[in-house]
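Student: Here the UniProt record's numbering is used: position 111 in the sequence shown is 111, and no number is missing along the way.
Where is the CB? At the ideal position from N, CA and C, for every residue including glycine.
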Amino acid sequence: MKRLGMNTYIYAPKDDLKHRAEWRKLYNSEETELLQSLIQTAKAENITFVYALSPGIDIVYSSEKEIKALHDKSEQVRCLGCDAFALLFDDIDAVLNDADKKQFSSIVMAQLTVANNLYESLKCRHFFFCPTGPRVVSRDITVDHVRRVAAVLQRKPVIWDNLHANDYDPKRVFLGPFAGRSVQLKEEISGMLLNPNCRYEANFLPFYTLAEWNSCHADAEIKEEEESDAILEAGDIVPVAVRIVENASPKRLYHPLKALDEGIKKWIDYLNAVPPLMCPYLSAVPVCSGGENEDEEQKPSTSGFPNSLMAQTVNSMSAEYSEPMDLVPVCKDDISERSKCSTQEMAEISSDVSMDSSSHSDPDTSKVDTEQIAAFVDMFYLPFEHGRRGIHILQEFSWLHENSYVMKRSINGDSEMDQQVLFCYILKRFVERWSGRESYSCCFSPFDKADRVF
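1) Considering only the alpha carbon of each residue, which of Tyr168, Ile264, Phe178 lies closest to Ile92?
2) Val77 and Tyr51 - do their beta-carbons sit closer together than 8 Å?
3) Let's see if you can read the secondary structure: which residues bound the alpha helix (DSSP H) around Phe207?
4) Flag this pair as yes or no: are the beta carbons of Val137 and Pro383 separated by less than 8 Å?
5) I'd like the list of long-range same chain contacts for His71, defined as Cβ closer than 8 Å, with 5 residues on each side in sequence excluded.
6) Can you list, in chain order, the residues of its chain with a C-beta nearer than 8 Å to that of Trp399? Leave out the 5 residues immediately preceding and following it.
7) Report yes if the C-beta of Phe178 is less than 7 Å from at least one heavy atom of the ligand ZN; otherwise report no.
8) Kindly list the residues whose CB is nearer than 7 Å to the CB of Met6, restricted to its own chain and excluding five residues on each side of it in sequence; keep chain order.
9) Along the chain, where does the beta strand (DSSP E) containing Gly191 start, and where does it finish?
10) Kindly give me the distance between the Cβ atoms of Phe174 and Asn197, rounded to whole angstroms, as I take these residues to be in contact under 8 Å.
11) Which residue marks the beginning of the alpha helix (DSSP H) containing Ala375, and which one marks its end?
12) Is the distance from the Cβ of Lys265 to the Cβ of Thr113 below 8 Å?
13) Mark Lys73 as exposed unless 16 or more other C-beta atoms lie within 10 angstroms of its C-beta, in which case mark it buried.
14) Is Ala151 helix, strand or coil by DSSP?
15) Cβ atoms of Phe129 and Val158: under 8 Å apart, would you say?
16) Buried or exposed, going by whether 16 or more other CB atoms sit within 10 Å of the CB of Gly235?
17) Quick one, which of Leu38, Tyr270, Gly263, Ser215 has its alpha-carbon nearest Lys251's?
18) Could you spell out where the alpha helix (DSSP H) holding Trp399 opens and where it closes?
19) When the Cα of Pro13 is compared with those of Val152, Arg199, Arg172, which residue comes out closest?
20) Cα separation between Ser54 and Tyr61?
21) Go ahead and pull the three-state DSSP assignment for Ile159.
22) Given that a residue counts as buried once 16 or more other Cβ atoms are within 10 Å of its Cβ, and exposed if not, what is Tyr11?
23) Taking the alpha-carbon positions, what's the Trp213 to Ser106 distance?
24) Starting from Tyr11, trace the beta strand (DSSP E) both ways and give me its first and last residue.
25) Just grab the DSSP bridge partners of Val136 for me.
26) DSSP on Ile67, reduced to helix/strand/coil?
27) Any idea which residues DSSP pairs Arg24 with across the strands?
28) Might you give, ordered along the chain, the residues of its own chain that have their beta carbon closer than 6 Å to the beta carbon of Gly263, omitting 5 neighbours on each side?
29) Is DSSP giving Asp83 helix, strand or coil here?
30) Could you tell me if Pro170 is buried or exposed, where buried requires 16 or more neighbouring beta carbons within 10 angstroms of its beta carbon?
31) Check whether the Cβ of Ala374 lies closer than 8 Å to any Cβ atom in chain D.
32) Is it buried or exposed, Val95, if we count other Cβ atoms within 10 angstroms and call 16 or more buried?
33) Using the C-alpha atoms, what's the distance from Gly176 back to Ala375?
34) Relative to the alpha-carbon of Arg181, which residue among Ile39, Gln395, Asp144 has its alpha-carbon at the smallest distance?
35) For residue 455, which of Ala150, Ala202, Leu185 has the nearest alpha-carbon?
36) Here's the rule I'm using: 16 or more other beta-carbon atoms within 10 Å means buried, otherwise exposed. How should Cys79 be labelled?
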């Protein structure tokens with residue numbers, strides 16, 4: 001963080017039970033030792049360590065016992081050397097229980113009362129309001145929006161940006177650049193906090209591009225006639241973006257593509273130098289059971305890509321666009337109807353399909369190159385968009401699925417072959433045909449090294 005020019009770290013992991021689920025409990029000696037080491041390390045690097053507590057999940061705002069628990073927990077952490085605190089009331093139901101309704105007119109007043117009480121107790125030098133933009137996950141955060149927020153708060157806000165956060169759906173990862181936020185925002189805010197991916201290694205590019213954004217003086221402007229060429233995509237960086245940024249020297253201009261290109265080159269050095277992490281990810285947060293069929297709901301759909309996924313566009317200028325966690329609902333009935341392929345049939349087809357691109361790669365298979373990482377980033381880009389290669393792969397797979405009926409009568413004379421089995425057969429032939437093509441071998445290769453990121 002220090003090397004990238006960042007100066008603030010907020011400690012708010014949901015897999016720390018005593019941060020959220022068991023927020024009333026004090027830390028034991030082993031936990032305090034670990035927490036103190038984090039605080040001391042941050043201070044040694046001139047990083048402000050902010051301890052965040054998230055009591056909103058079940059706090060009784062009107063209870064003196066609950067307020068005392070907040071004070072005791074905060075005082076314990078302060079004794080470890082922490083002098084910056086945050087109180088979080090996100091990801092909760094905005095309702096009051098019966099006891100709180102008797103004392104507070106709304107949940108807003110309840111949270112304000114508790115926050116002010118803790119603020120006065122801790123005697124903090126600074127207090128920040130941290131909005132997330134127009135939405136929980138905002139595609140764009142504009143200067144006008146921030147100015148309106150500042151007018152209401154009567155102070156410059158600190159933005160809590162969830163652009164790359166994936167805690168609402170860990171199956172999704174966002175490796176794309178910091179985009180949709182003008183460099184001019186720096187003049188209107190007190191700071192920018194980036195809520196990262198849940199996996200540490202997946203945050204190299206988001207952090208790097210944020211650092212580049214923070215070090216630049218202005219945005220790289222694209223002329224109208226060049227706009228069609230300046231598409232946000234990984235892979236081959238648009239020459240227009242590179243030329244505009246380089247011609248602006250010594251004034252530094254920010255363009256997401258240019259920053260992403262530089263970040264990929266540095267990330268490759270890191271990936272090729274650091275061996276894969278072998279320890280599995282273990283979460284300390286107990287998994288809540290939601291019913292007998294919960295496992296069935298968690299199974300990914302094996303159906304083809306619907307047209308809505310391929311053609312859907314998001315109007316970033318409208319306040320009515322959906323949150324990314326709402327874009328692709330899961331329907332159990334639809335999954336069961338589309339997943340009738342027998343285990344034996346799938347095994348017969350899958351046994352012949354090889355995604356191994358080692359014959360098309362460098363002799364040293366432990367190394368990754370720019371094209372592989374760029375393709376990987378394209379497939380795990382940003383909440384509201386895929387990169388160029390990711391879109392291209394989805395389009396070709398969708399075309400295969402939509403046109404697979406043409407092959408029905410030519411495979412073993414079985415005109416009643418299940419559509420899902422048929423698609424798997426066509427997919428096998430697709431991979432056999434295209435795995436030798438450079439662009440596709442690049443796309444398939446990164447998954448051999450995916451354990452370094454996921």
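Tutor: Working from what's here:
1) Considering only alpha carbons, the answer is Tyr168.
2) Taking a C-beta distance under 8 Å as the contact criterion, Tyr51 and Val77 qualify as a contact pair.
3) If you look at Phe207, you'll find it in the alpha helix (DSSP H) that goes 204 to 215.
4) Taking 8 Å as the Cβ cut-off, Val137 and Pro383 qualify as a contacting pair.
5) Excluding its 5 nearest sequence neighbours in each direction, His71 has C-beta neighbours in its own chain below 8 Å: Leu118, Ser121, listed in chain order.
6) Nothing listed; no residue qualifies.
7) The model on display carries no ligand, and the ligand ZN is accordingly not part of it.
8) Ala211.
9) Boundaries of the beta strand (DSSP E) harbouring Gly191: 191 to 194, taken from the DSSP string.
10) Taking a contact as a CB-CB distance under 8 Å, the pair Phe174 and Asn197 counts as one, their CB atoms being some 6 Å apart.
11) For Ala375, the uninterrupted alpha helix (DSSP H) segment begins and ends at 370 to 379.
12) Thr113 is positioned such that its CB atom lies no closer than 8 Å to that of Lys265.
13) Under this definition Lys73 is a buried residue.
14) The answer is helix: DSSP assigns Ala151 an H, G or I state.
15) Yes.
16) Because Gly235 carries a pLDDT of 44, less than 50, the predicted location of this residue cannot be relied on, and no value is offered for it.
17) Residue Ser215 is the option with its Cα nearest to Lys251.
18) It spans 388 to 403 - the alpha helix (DSSP H) in which Trp399 sits, taken as one unbroken run.
19) When each option's Cα is compared against that of Pro13, the closest is Arg199.
20) Near 13 Å, if we compare the C-alpha coordinates of Tyr61 and Ser54.
21) Looking at Ile159 - three-state DSSP - the assignment turns out to be strand.
22) With a 10 Å radius around the Cβ and a threshold of 16 neighbouring Cβ atoms, Tyr11 comes out buried.
23) Rounded to the nearest angstrom, the two C-alpha atoms are 39 Å apart.
24) Annotation for Tyr11: the continuous beta strand (DSSP E) segment containing it runs 8 to 11.
25) Residue pairing from DSSP leaves Val136 without any beta-bridge partner.
26) Ile67 falls in the helix class under three-state DSSP.
27) Within the DSSP bridge table, the entry for Arg24 names no partner.
28) For Gly263, the CB contacts under 6 Å within the same chain, skipping 5 residues up- and downstream, are Leu205, Tyr208, Thr209 in chain order.
29) Coil, per DSSP.
30) Taking all protein chains in view, the Cβ of Pro170 is surrounded by fewer than 16 other Cβ atoms within 10 Å, so the residue is classified as exposed.
31) Among the chains of the structure shown, chain D does not appear; only one protein chain is present.
32) By the 16-neighbour rule on beta-carbons within 10 angstroms, Val95 is exposed.
33) For the pair Ala375 and Gly176, the Cα-to-Cα distance works out to about 11 Å.
34) Nearest option by C-alpha distance: Asp144.
35) As shown, the chain starts at 1 and ends at 454. That puts residue 455 outside it, with no answer to give.
36) Label assigned to Cys79: exposed.
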